[in-house]
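Heads up: the structure comes next, in C-alpha cells.
Residue numbers (the numbering used here): 4 to 382.
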C-alpha cells in the first residue's frame with residue numbers, strides 16, 4: 004500500500020513539472036512573437052554598405068511648394084538669333100566642309116559654293132565676257148582721258164562699269180579661293196540648325212540652303228490644356244525637361260521671363276499658348292520638344308521629397324524611411340503635384356522623418372534579402 008502511494012505522488016509531481024514547462028515555453032513564444040512583430044518588415048543595411056551603394060537620406064520638412072500646371076512644350080529660337088543662308092546665284096551646290104546639325108559656323112565663313120559651269124546661260128561665263136569687255140573699255144579710256152579725247156565724266160562712268168564687272172566676275176570665279184563658283188557665306192556666327200540642300204543639288208536664286216542659329220536667347224512655348232484657363236493669371240515661371248535627358252531646367256535660374264499668355268485656343272487646337280524667353284546657358288537645342296511644369300502661386304506647409312525618392316510598384320508609390328543608422332522601412336505614400344524635381348506628399352510622411360532620396364532602388368533590391376520576417380519559437 005505504501006508503495007502505491009509513493010508511485011502516485013511521484014507521477015503527480017512529474018505532471019505538474021510538465022505543465023509548468025509548457026507554460027514557460029508558451030510565454031517564451033509569445034515574447035518572441037511580440038518582438039518579431041515590432042521589427043517585421045525592417046530592411047537592414049550596414050552604414051558601410053549604404054555609403055558604398057550611394058544611399059543618401061534627407062530629413063522631411065514642410066515648406067513652400069508652388070502649384071504646378073503640367074503641359075507639353077517646344078523650344079523655339081528667339082527673333083534675331085536665327086538666319087537663313089540663301090542662294091545668291093543659280094547653279095549646282097558644292098560643300099566646302101562637312102555640315103551637320105549642331106556644327107559651329109563663323110560669321111562670314113564660306114559654307115557652300117555654287118557653280119554654274121556647263122549650264123545653259125551660264126552666268127559665270129557671261130560675267131567673264133562682261134568683265135573682259137569692261138576691262139578693255141577701261142584701259143582704252145584711261146589712255147584717251149589724258150589727251151582729253153574722253154571727258155572725265157565719261158571716264159568715271161567707264162571705270163564704275165569696269166569695277167562692277169570685276170566684282171561680279173570674281174564672285175563667280177570664287178576669287179581664286181573657293182576653287183570655282185560663287186562663295187556662299189553665313190551672315191551670323193552660330194550653329195547649324197537645318198541643312199536644306201545636298202551636295203550636287205541645283206538651286207535657284209533666293210532658295211534657302213541653310214539655317215543658322217545663335218541660340219543665345221530661346222523661347223519656351225507651352226501648350227496649356229484649356230481646363231487650366233482660370234489659373235493662367237497665376238503663372239510666374241516654369242521648369243522643363245527634354246525628351247533626351249533627366250535634367251530639369253528652371254527658368255528662374257536662366258533669366259527667364261513670361262512674355263505672352265494666350266487668351267484663347269488656336270484654330271482647331273484645344274491648347275492655350277504660354278510663352279517664356281530665357282538665356283540659353285544650358286545649350287538647349289531649338290526645336291526640341293519638352294515636358295513643361297508651369298509654376299503658379301506658392302503654397303505653404305507642403306511636405307515634398309525629390310522625385311528620386313519614389314519607387315513605383317504596380318501603380319502604387321513607396322518611399323523608404325530610415326528608422327535608425329542601419330534600418331529602413333518601406334512605406335506607401337499618396338502623392339500630389341510635381342514640378343519635375345520634387346513631388347508633393349499628401350499622405351504617408353510627416354516632418355522630421357528621414358527619407359532615402361538617393362539610392363532608393365538599391366534599398367528596394369536589398370529588401371528582398373535583408374528584410375527581417377515575423378517569427379516564433381515552437382518547442
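For glycine and all other residues, C-beta sits at the position ideal for the given N, C-alpha and C.
Coarse secondary structure for residue i, derived from DSSP in three states
i: residue 240; result: strand
i: residue 368; result: helix
i: residue 256; result: helix
i: residue 362; result: coil
i: residue 164; result: helix
i: residue 224; result: strand
i: residue 356; result: coil
i: residue 250; result: coil
i: residue 328; result: coil
i: residue 180; result: In this prediction, residue 180 scores a pLDDT of 44, lower than 50, which makes its location untrustworthy; the coordinate-derived value is nonetheless stated afterwards. Three-state DSSP puts residue 180 in coil, outside helix and strand.
i: residue 207; result: coil
i: residue 146; result: helix
i: residue 348; result: strand
i: residue 199; result: coil
i: residue 138; result: helix
i: residue 333; result: strand
i: residue 191; result: coil
Integer-rounded CB distance, given that residue j should sit under 8 Å from residue i
i: residue 78; j: residue 291; result: 5 Å
i: residue 206; j: residue 102; result: The pair is not a contact, with the Cβ atoms about 15 Å apart (cut-off 8 Å).
Span separating the alpha-carbon of residue i from that of residue j
i: residue 224; j: residue 202; result: 35 Å
i: residue 166; j: residue 119; result: 22 Å
i: residue 265; j: residue 234; result: 12 Å
i: residue 52; j: residue 60; result: 14 Å
i: residue 245; j: residue 199; result: 25 Å
i: residue 75; j: residue 256; result: 21 Å
i: residue 231; j: residue 263; result: 16 Å
i: residue 370; j: residue 54; result: 16 Å
i: residue 352; j: residue 63; result: 8 Å
i: residue 71; j: residue 89; result: 43 Å
Proximity of residue i and residue j at Cβ, strictly below 8 Å
i: residue 323; j: residue 280; result: no
i: residue 253; j: residue 242; result: yes
i: residue 217; j: residue 84; result: yes
i: residue 359; j: residue 331; result: yes
i: residue 274; j: residue 228; result: yes
i: residue 317; j: residue 58; result: no
i: residue 346; j: residue 313; result: yes
i: residue 191; j: residue 215; result: yes
i: residue 111; j: residue 160; result: no
Complete runs of the beta strand (DSSP E) confined to the region 84 to 121 [at least 3 residues]: Taking only runs of at least 3 residues, the beta strand (DSSP E) segments lying wholly in the region 84 to 121 are 85 to 89, 94 to 98, 113 to 118.
Could you pull out every unbroken beta strand (DSSP E) segment of at least 3 residues lying fully inside the region 274 to 323, listed in chain order? Runs of the beta strand (DSSP E) inside the region 274 to 323: 274 to 282, 292 to 305, 307 to 309, 314 to 316.
At 3 residues or longer, what runs of the beta strand (DSSP E) sit wholly inside the region 45 to 81? The beta strand (DSSP E) runs of length 3 or more contained entirely in the region 45 to 81 are, from start to end of the chain, 59 to 62, 66 to 80.
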